[in-house]
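What follows is a short report on a single structure.
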Amino acid sequence: MTTAAENAQVAKSPSNGGGELKNWLLDRAPFLVACVMLCALVAVYGVLRDGVFSLAELNIDTAAALTLLLAATGQTIVLLRGGIDLSIGGVISLGTVLAATQMGDNPWSATFWVLLVLAAGALVGFVNGVLITVLKLQPFLVTLATWSILSGAALIVLPTDGGALPTAWMAFGNATWLGLSSSVWLLAGLICFWLWFRRSRLGVAIRATGSNERSAFLSGVSPLWINVATYGLSGLFAALAALYLTTQTGAGSPTIGKDYILPSVTAAVIGGLSLFGGRGGLIGTTIGAFILTIIGNLVFVLRVSSYWQPIVSGVILLIAVLASSTAEKSARNSLT
Amino acid sequence: MADLLTVTGVIKHYGGIIALSDANLCARAGEVHALLGENGAGKSTLIQILSGAVRADGGAITLEGADYHPRNPVAAQRSGVSAVFQELSLIPDLTVEQNIWFRREPLSVFGTVRSGELRKATTNLLEEFGFPGLRPSQEVRRLTLAERQIVEVAKALARDPKVLILDEATSALAAKETEWLLGLARRFAKAGRLVIYISHRLAEVRQIADRVTVLRNGATVAAYETKAVDDETIITDMLGRRMDRLFPERHATAGNRVALQVRGLTVGHRLVGVDFDLKEGEVLGVGGLQGHGQWELFQSLYGIGSCKGAIELLGRPVAITSPRKALAGQNGMALVPEDRRNHGLLLTKSVRENLTLSVVSRFTRFGLTDAKRERALVDEMITSLKIKVGSPEQIAGTLSGGNQQKVIFGKMLLTDARVLLLYDPTRGIDVGTKGEIFQLMRDLAAKGYAILFYSSDPPELVHVADRILVLRNGRRAAILEGDDRTEREILRAAMIETQGAA
């Protein structure tokens, strides 16, 4: 009797087991598709242009991608939580104009304003988190409102593009060490941060909350803390993006932030992040950001109208979304 | 021995509804204490209070002689009270081990989770309690309902509680896993701790509980030593009236016309070449060990997922490729799914909206809904199914499990479906409502509906179905008729000759 029952149990297991590798692949399908697309784009780019596979090119492309990637890092954290942050546009605009008008040439004042911009970014995130939790408002609407407010504030500080950054500040943006630019080192630092963050208790809690909010709260995750931390980090990274941007442009712009809001979501989704929260990571987002950058390069090399850039980005995004939904579907079918 | 946990005169209101009026419970360390009562009797509310999910409005609770009023689940867990809820609290995108230790992960000096230690702790825990077939690294969203239930138990045990509350913890489990969990509860109690056990299965309660406390209408009505009381008394206490029969009388109502003919139905390798006929007016039971193709059978008939094989509805070949097609037309099929909280009902919508969701077109004129006609249909359903609601506008999620199930039946009956697919319709429902649902099934059969009925509880098949189709490894193992319809025969067909069939 017992053996019969056990046999019956064993008999049903082949359908569950065996598919371990398949499951592993399915889980990572969107990310793998992004990797393949990046390789393909780089290959095409390499054929069209000489010297693509060089350190110089890596430095240039990283510099081109890093502002978006920093903005997308915050967005990735928020999306993993199952939210969205539009206010990063406002933080970036305000950050660049504050830096370009206030830093001056005195190192002390420069340091002060760098810290202030970072603190302001985090503060905006705190406010977003508090509003979303305490007033139980939609993240989309709350951050839409804070974006609008900050954009206005940026225009008051500096109505048109302009201002100036300390020369030392600009020099930092263009410095190199061991053949790699400061941008590449920043990227490496960012990846290290992520490797730490995703394994930290906060990182796990953010992902868990995005996966199943109610369960996470029942298990003792505080809703206020999780939202303040999530949006606070997002604001902080947006401020970082703003500061980095000024090292590249050497000026402030009260309207530039909006160019990073939706692309930050695009980069994350291309990299395999689920908009329903809980699944994805910064490595994917990095791939996504580089895909968007290389598309820009290709449009330039092919000497076609720059309007082709959003068109190609859109197609790539569709492929990415298709990959994740296909993977999701076959995962569901293999389950029940 | 002194009582480990005492509950005295606990009261809880939800708005105007009284969930608990006078709950009392005395439970000792070292015992399995069963909590019995119909759905809506207040069991869930009481254990939610004990586990910190809600707070009592009045009354006294002590744990180890000290006042105990946990402010939230985490506080309750710190005091040593862990609950395994029916409504699972797991996080789908985390792995089994991450779920078990969530918020209590071992951390390194850098504040990161130490995965080696996490794995070791998980393996130790799983080994200590002999957990059946769980891999620590598997993501929870890939697990079946039964496996998730088991992880939930592991999560509760990992907190090393003094009081373990099991709420219908076996309802999703197959026989073997149930046996394991009952053994675990006994062992846990023997170690000097307390298990509060909630189940609708009296046989299980008899098997493991030292004492039982019976709740009715929000108040404790009786407490017994399990050995000193018979089933009849307990059921009488639960119902407050004598229970004549759980199962209705069964008259053969099957007609001659075949309502649903299935030939060679195949879904991957989980359902292989299944044939059967279902006549009008017939209840065809579907049995077998859990996970042997029953759900695949139901979902392919309802057009979820892809399948091969021939299906004829009332002599007409059909290709059902979506639920919409299954429901369509005069002679469709309608399904009552297993996970009614997620799949069958819109919990945040009203009873009225739920009932009429599938049939909006029946009272739509020129693209506008006719509220009067809708109201009439809804009232008729509520009356004929005896759904206990304050008003048709009551939110479905606030109904008891049995009444939610009746709403799903109502929704199904409002469509023109003639073939009803009932997948474990009485899972987690109290005895009284169960009886009503069985009666309803027989009444529907008498009206000519053809019913395909899966139940995880074999006695239900034996007493309600006209014939029983037993599946084993996704194949038809037997069709039992007449005197062959016994639990023994079902089990025999489900388990024997496994090698040959596999």
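Sequence lines, in order, name chains A and B. Using the working numbering, the first residue of the first sequence is number 1, and each one after it goes up by one. Using the working numbering, the first residue of the second sequence is number 337, and each one after it goes up by one. By construction, the Cβ of each residue, glycine as well, lies at the ideal position given by its N, Cα and C atoms.
Practice task
Taking C-beta pairs closer than 7 Å, name the residues in chain B that A/Asn212 reaches, listed in chain order.
Solution key: Sequence index remark: in the first sequence, residue 212 of chain A carries index 212 (1-based). Residues of chain B passing the Cβ test: Ile427 and Pro428.
Handout entry: Beta-carbon spacing of A/Ala289, A/Leu69 below 8 Å
Key = The sequence position of residue 289 of chain A within the first sequence is 289, counting from 1. The sequence position of residue 69 of chain A within the first sequence is 69, counting from 1. Yes, they are a contact pair.
Practice task
Show which residues of chain A have a CB atom less than 7 Å away from the CB atom of B/Gln434.
Solution key: Here residue 434 of chain B refers to the residue found at position 98 of the second sequence. Among the residues of chain A, those whose CB is under 7 Å from the CB of B/Gln434 are Val204, following chain order.
Handout entry: Residue-chain proximity (A/Leu240, chain B), Cβ-Cβ < 8 Å
Key = If you number the first sequence from 1, residue 240 of chain A lands on position 240. It does not; no Cβ of chain B falls within 8 Å.
Handout entry: Chain-order list of residues whose beta-carbon lies under 6 Å from that of B/Gly394 (same chain, five-residue window excluded)
Key = Counted from its first residue, the second sequence places residue 394 of chain B at position 58. Correct list, in chain order: Ile347.
Problem - B/Val550 versus A/Leu25: straight-line alpha-carbon distance, rounded - result: In the second sequence, residue 550 of chain B corresponds to position 214, counting from 1. In the first sequence, residue 25 of chain A corresponds to position 25, counting from 1. About 51 Å.
Problem - Those residues which DSSP pairs with B/Ala396 across a bridge - result: Locating residue 396 of chain B in the second sequence gives position 60, where the first residue counts as 1. B/Thr344, per the DSSP bridge assignment.
Handout entry: is_contact[B/Pro795, chain A] using C-beta, thresh 8 Å
Key = Within the second sequence, the letter at position 459 stands for residue 795 of chain B. Among the residues facing chain A, B/Pro795 is not included, as its CB has no counterpart in that chain under 8 Å away.
Problem - Residue-chain proximity (A/Asn23, chain D), Cβ-Cβ < 8 Å - result: Absent from the structure: chain D. Protein chains present are A and B.
Practice task
Can you grab the Cα-Cα spacing for the pair B/Val619 / B/Gly641, in whole Å?
Solution key: Against the second sequence, residue 619 of chain B aligns to sequence position 283. Against the second sequence, residue 641 of chain B aligns to sequence position 305. Going by C-alpha positions, B/Val619 is about 25 Å away from B/Gly641.
Problem - Cα-Cα separation, A/Gly210 to A/Gly277 - result: For this step, residue 210 of chain A is matched to residue 210 along the first sequence. For this step, residue 277 of chain A is matched to residue 277 along the first sequence. Between A/Gly210 and A/Gly277, the C-alpha separation is close to 4 Å.
Exercise for the section: Go ahead and pull the three-state DSSP assignment for B/Leu863. Expected result: No statement about residue 863 of chain B is possible, as the shown extent of chain B runs from 337 to 838 and does not include it.
Problem - Proximity winner among B/Thr762, B/Ala801 and B/Asn435, relative to B/Arg778 (alpha-carbon distances) - result: Translated into the one-based positions of the second sequence, residue 778 of chain B becomes position 442. Out of B/Thr762, B/Ala801 and B/Asn435, B/Ala801 has the C-alpha closest to the C-alpha of B/Arg778.
Exercise for the section: Check whether the Cβ atoms of B/Gly629 and B/Ala781 lie closer than 8 Å to each other. Expected result: Locating residue 629 of chain B in the second sequence gives position 293, counting from the first residue. Locating residue 781 of chain B in the second sequence gives position 445, counting from the first residue. Going by C-beta atoms, B/Gly629 is not nearer than 8 Å to B/Ala781.
Problem - Segment contact, 8 Å Cβ cut-off, at least three pairs: the segment 282-296 of chain A with the segment 306-322 of chain A - result: Taking 8 Å as the limit for Cβ pairs, the verdict is that the segment 306-322 of chain A does touch the segment 282-296 of chain A.
Problem - Assumed close pair B/Leu816, B/Glu823 - CB separation to whole angstroms, cut-off 8 Å - result: Working through the second sequence from its first residue, we reach residue 816 of chain B at position 480. Working through the second sequence from its first residue, we reach residue 823 of chain B at position 487. Not confirmed; about 11 Å, so no contact.
Exercise for the section: Count the other CB atoms, across all protein chains shown, that sit within 10 Å of the CB of B/Leu340; report buried if there are 16 or more and exposed otherwise. Expected result: Walking along the second sequence from the start, residue 340 of chain B turns up at place 4. That one is buried.
Exercise for the section: Answer yes or no: do B/Leu671 and B/Phe634 have a C-beta to C-beta separation smaller than 8 Å? Expected result: Counting from one through the second sequence, the residue named residue 671 of chain B turns up at place 335. Counting from one through the second sequence, the residue named residue 634 of chain B turns up at place 298. For B/Leu671 and B/Phe634, yes; Cβs fall inside 8 Å.
Practice task
Using a threshold of 8 Å, state whether the C-beta atoms of B/Val499 and B/Arg529 are closer than that.
Solution key: Position 163 of the second sequence, counted from the start, is the residue given in the question as residue 499 of chain B. Position 193 of the second sequence, counted from the start, is the residue given in the question as residue 529 of chain B. Yes, these two residues count as a Cβ contact at 8 Å.
Practice task
Answer with buried or exposed for A/Val134, where buried requires no fewer than 16 other C-beta atoms within 10 angstroms of its C-beta.
Solution key: Translated into the one-based positions of the first sequence, residue 134 of chain A becomes position 134. With a threshold of 16 other beta carbon atoms within 10 Å, A/Val134 falls short and is exposed.
Practice task
Check each candidate in B/Ala545, B/Arg652, B/Pro584 and B/Tyr785 and name the one with the smallest Cα separation from B/Gln597.
Solution key: The sequence position of residue 597 of chain B within the second sequence is 261, counting from 1. The shortest Cα separation from B/Gln597 among B/Ala545, B/Arg652, B/Pro584 and B/Tyr785 belongs to B/Arg652.
Problem - Test: A/Trp147 CB closer than 8 Å to a CB of chain B - result: One-based indexing of the first sequence puts residue 147 of chain A at position 147. It does not; no Cβ of chain B falls within 8 Å.
Handout entry: Chain-ordered residues of the segment 441-468 of chain B with a beta carbon less than 7 Å from chain A
Key = Taking a C-beta cut-off of 7 Å against chain A, the contacting residues of the segment 441-468 of chain B are Glu441, Leu443, Phe446, Gly447, Thr448 and Val449, listed in chain order.
Handout entry: Start-end ranges of the alpha helix (DSSP H) lying completely within the segment 513-567 of chain B, minimum 4 residues
Key = You should have 538-544.
Problem - Helix, strand or coil at B/Ser420 according to DSSP, with G and I counted as helix - result: Your numbering for residue 420 of chain B matches position 84 in the second sequence. With the sequence shown as reference, residue 420 of chain B is identified as Val, and Ser is not the correct amino acid for it. In the structure shown, B/Val420 sits in a strand (DSSP, three-state: E or B).
Exercise for the section: Return yes when the Cβ of A/Gly83 is within less than 8 Å of the Cβ of A/Leu233, no when it is not. Expected result: As a working mapping, residue 233 of chain A is identified with position 233 in the first sequence. As a working mapping, residue 83 of chain A is identified with position 83 in the first sequence. No, Cβ-Cβ distance for A/Leu233 and A/Gly83 is not below 8 Å.
Exercise for the section: Answer with yes or no whether the minimum CB distance from B/Pro409 to chain A is below 8 Å. Expected result: Here residue 409 of chain B is taken as the residue at index 73 of the second sequence, counted from 1. With 8 Å as the cut-off, B/Pro409 counts as an interface residue toward chain A.
Exercise for the section: Could you tell me which of B/Trp631, B/Pro795, B/Lys770 and B/Glu464 sits nearest to B/Val608, measuring between CA atoms? Expected result: Taking the second sequence and counting its residues from 1, the one referred to as residue 608 of chain B is at position 272. When only C-alpha atoms are compared, the closest one is B/Trp631.
Practice task
Just the C-alpha distance for A/Glu213 and B/Arg471, rounded to the nearest angstrom, thanks.
Solution key: Counting from 1 along the first sequence, the entry for residue 213 of chain A is found at position 213. Counting from 1 along the second sequence, the entry for residue 471 of chain B is found at position 135. Approximately 24 Å between the Cα atoms of the pair.
Exercise for the section: Determine the extent of the alpha helix (DSSP H) in which A/Arg201 is found, giving its start and end residues. Expected result: Within the first sequence, the letter at position 201 stands for residue 201 of chain A. From DSSP, the alpha helix (DSSP H) with A/Arg201 extends over Arg201 to Ser211.
Practice task
Closer than 8 Å by C-beta to B/Gly401: which residues in its own chain qualify, once you throw out the five before and the five after it? Chain order, please.
Solution key: Mapped onto the second sequence, residue 401 of chain B falls at position 65. So the list reads Ala338, once near-sequence residues are dropped.
Practice task
Quick one: residues in its chain with C-beta nearer than 6 Å to the C-beta of B/Leu520, no 5 flanking neighbours on either side, listed in chain order?
Solution key: Position 184 of the second sequence, counting from 1, holds the residue named residue 520 of chain B. If we look at B/Leu520 and ignore the five residues flanking it on each side, its Cβ neighbours are Phe465.
Problem - Interface flag, A/Arg207 vs chain B, CB-CB below 8 Å - result: Looking up residue 207 of chain A in the first sequence gives position 207. Using a Cβ-Cβ cut-off of 8 Å, A/Arg207 counts as an interface residue toward chain B, since at least one Cβ of chain B sits closer than that to its own.
Exercise for the section: Using alpha carbons as the reference points, say which of A/Tyr307, A/Gly271 and A/Ala168 lies closest to A/Met37. Expected result: Your numbering for residue 37 of chain A matches position 37 in the first sequence. For the residues A/Tyr307, A/Gly271 and A/Ala168, the minimum Cα distance to A/Met37 belongs to A/Gly271.
Exercise for the section: Between the Cα of B/Arg439 and those of B/Ala558, B/Gln413 and B/Asn553, spot the shortest distance and give me the residue it belongs to. Expected result: On the second sequence, position 103 is the one that residue 439 of chain B refers to. The shortest Cα separation from B/Arg439 among B/Ala558, B/Gln413 and B/Asn553 belongs to B/Gln413.
Problem - At least three beta-carbon pairs within less than 8 Å, the segment 214-221 of chain A to the segment 97-113 of chain A - result: Per the Cβ contact rule, the segment 214-221 of chain A is not in contact with the segment 97-113 of chain A (fewer than 3 Cβ pairs under 8 Å).
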